[in-house]
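Undergrad: Dropping the structure in here first, questions after.
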Amino acid sequence: MTLKEHIDSIARSLEGLYPAEEARAIAVRAVTGLLSVPDYKYLSEPESVVGDDKAALLEEARQRLATGEPLQYVLGYTWFAGLRLRVGPGVLIPRPETEQLYELAAQDCDSMMQDSQDDNFSILDICTGSGCLAYAFASEFPEAQVFGCDISDAALKIACRQRVKLHGARPVLFQADVLAEPPAGLPKFDLIVSNPPYVMESERAQMERNVLDWEPEQALFVPDSDPLLYYRAIALWAEKLLKDGGSLWLEINPLLADRTAALFTGAATIQDINGKDRFIVVKK
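Heads up, the sequence shown is in the working numbering, so the first residue is 5 and it goes up one at a time.
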């Protein structure tokens, strides 16, 4: 089969799961990603014949994608802030909103580092998941000491296996439950960031099946009866671990923006790329 035929075959398998245009885009990304060929090759050389070994790989991908498994899991990676990061079942796939959280916090971080007289600049990513935020900060700020924590064994296993080339030290990743006390021995931090679970159970009906059936519920959902439990916990961690003059950046549920901001003294709400109240920043 040719490149074009493989793309057409995968796209047809996905038409019941996604709109036709999205199905074809996923098919193109799957084929070019798994074959490690430039995206334009399917346009410039559509009749290129795919060898039997690669054809078997693409057929396996087609079958997996047809079950609704996310493309990023099938590829085994995703891109975040210019970094290629491993992802797989058991870890949340980073979203564009979280990349915007990184961009905002990184601007703040850069400003703080320029003004700081302290050589021991430190950053903590709470609920690190794949480690996307932790590795992004470690890549951009090699002179900083970056920490990341999560309660999930599966997520930490993936985070620890990231093959990101860094000019400085790798993030220090450790297991911790943010709903409990911070572990003893942690330093004070100049910057704390977090994208904790914030989707209410009542929002399930609005979500896509490829998210509900595949991505870890533990990283997504909170009970309607107490949707801000992680933010209250993070407020306590920040009270104990954030340096005077430090910053706390959080991704939040836009439906709960006012209630979340009210947990933090002096919190400012910031909109995401879609105009929703998605982030808050707190200066200590």
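Where a beta carbon is used, it is the ideal one built from N, C-alpha and C, also for glycine.
1. Over what stretch of residues does the beta strand (DSSP E) that includes G133 continue unbroken?
2. Taking the continuous alpha helix (DSSP H) assigned at L89, which residues delimit it?
3. Please report the straight-line C-alpha distance between F84 and E107, rounded to a whole angstrom.
4. Going residue by residue through the segment 103-173, where are the continuous alpha helix (DSSP H) segments of at least 4 residues, counting only ones entirely within it?
5. Looking at P201: is its Cβ nearer than 7 Å to the Cβ of L224?
6. How many whole angstroms separate the CB atoms of S156 and P98, which I take to be in contact at a CB cut-off of 8 Å?
7. Does the Cβ of N257 lie closer than 6 Å to at least one heavy atom of the ligand NAP?
8. Output the distance between the C-alpha atoms of Y77 and V226, rounded to the nearest integer angstrom.
9. What does the alpha-carbon distance come out to for the pair L252 and V285?
10. Drop a sphere of 10 angstroms on the beta-carbon of R263, count the other beta-carbons inside from all chains shown, and report buried for 16 or more, exposed for fewer.
11. For the alpha helix (DSSP H) that I30 lies in, which residues bound it at each end?
12. Within 10 Å of its beta-carbon, does T71 have 16 or more other beta-carbons around it, so buried, or fewer, so exposed?
13. Compute the Euclidean distance between the alpha carbons of D114 and F141, then round it to the nearest angstrom.
14. Taking the alpha-carbon of F151 as reference, which of T132, A159, E144 and V168 has the nearest alpha-carbon?
15. Quick test of your reading: F193 and I127, contact by CB under 8 Å. State the CB separation rounded to the nearest angstrom.
16. From P258, G279 and G249, pick the residue whose C-alpha is nearest to that of Q121; which is it?
17. Which ranges does the beta strand (DSSP E) cover as unbroken runs of at least 3 residues, wholly within the segment 230-263, from first to last along the chain?
18. Run through DSSP, which three-state label would V215 get?
19. In whole angstroms, what separates the C-alpha of E185 from that of L245?
20. Look at the Cβ atom of L79, then the Cβ atom of G37, and state whether they are nearer than 7 Å.
21. Span of the beta strand (DSSP E) holding I14?
22. Here's the rule: buried if 16 or more other CB atoms are within 10 angstroms of the residue's CB, otherwise exposed. What is T102?
23. Does the Cβ-Cβ distance between A158 and G94 come in under 7 Å?
24. Run through DSSP, which three-state label would K287 get?
25. Between the Cα of S198 and those of R174, W241 and Q166, spot the shortest distance and give me the residue it belongs to.
26. Please report the distance separating the alpha-carbon of L61 from that of T82.
TA: So, from the data block:
1. Boundaries for G133: no beta strand (DSSP E) harbours it, and the DSSP string shows neither H nor E there.
2. Element bounds for L89: not the alpha helix (DSSP H) but the beta strand (DSSP E), L87 to R90.
3. In a straight line, the C-alpha of F84 is about 11 Å away from that of E107.
4. Assignment of alpha helix (DSSP H) within the segment 103-173, counting only whole runs of 4 or more residues, yields 136-144 and 157-164 in chain order.
5. Remark: C-beta atoms of P201 and L224 approach each other more closely than 7 Å.
6. Actually they do not touch by this definition, with Cβ atoms about 15 Å apart.
7. Questions concerning the ligand NAP fall outside what the structure shown contains, since it holds no ligand whatsoever.
8. Approximately 24 Å, taken between the alpha carbons.
9. For the pair L252 and V285, the Cα-to-Cα distance works out to about 6 Å.
10. With fewer than 16 other Cβ atoms inside 10 Å of its own Cβ, R263 counts as exposed.
11. Unbroken alpha helix (DSSP H) run through I30: A24 to L39.
12. By the beta-carbon neighbour count (other beta carbons within 10 angstroms, threshold 16), T71 is exposed.
13. C-alpha separation (whole angstroms): 10 Å.
14. Among T132, A159, E144 and V168, the Cα nearest to that of F151 belongs to T132.
15. I127 and F193 do touch by the CB rule: their CB atoms are close to 6 Å apart, below 8 Å.
16. The shortest Cα separation from Q121 among P258, G279 and G249 belongs to G249.
17. The qualifying runs are 246-255.
18. If DSSP states are grouped into helix, strand and coil, V215 belongs with the helices.
19. Going from the Cα of E185 to the Cα of L245 covers about 11 Å.
20. One thing to note: L79 has its Cβ within 7 Å of the Cβ of G37.
21. Where I14 is concerned, there is no enclosing beta strand (DSSP E), although the alpha helix (DSSP H) it sits in stretches over L7 to L18.
22. Its Cβ being crowded by 16 or more others within 10 Å, T102 is buried.
23. Contact flag set, yes.
24. Of the three classes helix, strand and coil, the one that applies to K287 here is strand, per DSSP.
25. If you compare the alpha carbons of R174, W241 and Q166 with that of S198, the shortest gap goes to W241.
26. Going from the Cα of L61 to the Cα of T82 covers about 18 Å.
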